[in-house]
Amino acid sequence: MEKEFSSTVRIRFADCDPIGHLNNVKYLEYMLNAREDHVEQNYGFTYEQYTRETGCTWVTIQNEIAYLKEVRYNSIVEITSKTIFVDDLTAVVELLMKDEKGIVHAVFWLTVIYFNMKTRRAEKMPETTLTQFVQFLVEIEHKTFKERVDYLRILNKTK
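Rendered as structure tokens:
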């Protein structure tokens, strides 16, 4: 079973600064949009559908992003996403933006908490949802964001 999902996108002119670099905020947009697509294609639901049916959703509680190499206008990039941590309350998703050579341009760790829209409180995921998430869990050896960033910087130098 595939556990890391990917999609390819072209960087648009309107998303870049005057010297042609992708705006920092736009990295987040491209990556979050890709993750939304990955969930729909591989988990079998949209966030909207899940929220409507269960009354619960996932709310972002922390973003960590490192920009390792500039991305320029009209570049074709691959965005990958994978769940690297999950428990009954929270999950961490890693997203990478890479070029055609596999060089990582950005790494983004997104931490979410399971949230009940009616009670406006965090709560434990239902067992069926947790089981679904656990089956897509990818173990990585780096336990902190800094360790992961340092590793990816070294990896980029070998390409």
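According to this note's numbering, the residues represented by the sequence shown are 729 to 887, in order. Each residue gets a CB set at the ideal place from its N, CA and C atoms; glycine is no exception. Being a predicted model, the structure only gives us computed values, none of them experimental.
- Inclusion of Thr785 and Met845 in the CB contact set at 8 Å is warranted, their separation being smaller than that value.
- Annotation: the continuous alpha helix (DSSP H) that includes Gln777 extends over Tyr775 to Thr782.
- Residue environment: Val862 is assigned as exposed (fewer than 16 neighbouring CB atoms within 10 Å of its CB, all protein chains considered).
- Rounded to the nearest whole angstrom, the CA to CA distance from Leu883 to Arg763 is 23 Å.
- Within the region 826-879, complete beta strand (DSSP E) segments of at least 3 residues are found at 832-844, given in chain order.
- Going by C-alpha positions, Arg780 is about 11 Å away from Phe773.
- In the DSSP secondary-structure assignment, Asn884 is not bridged to any residue.
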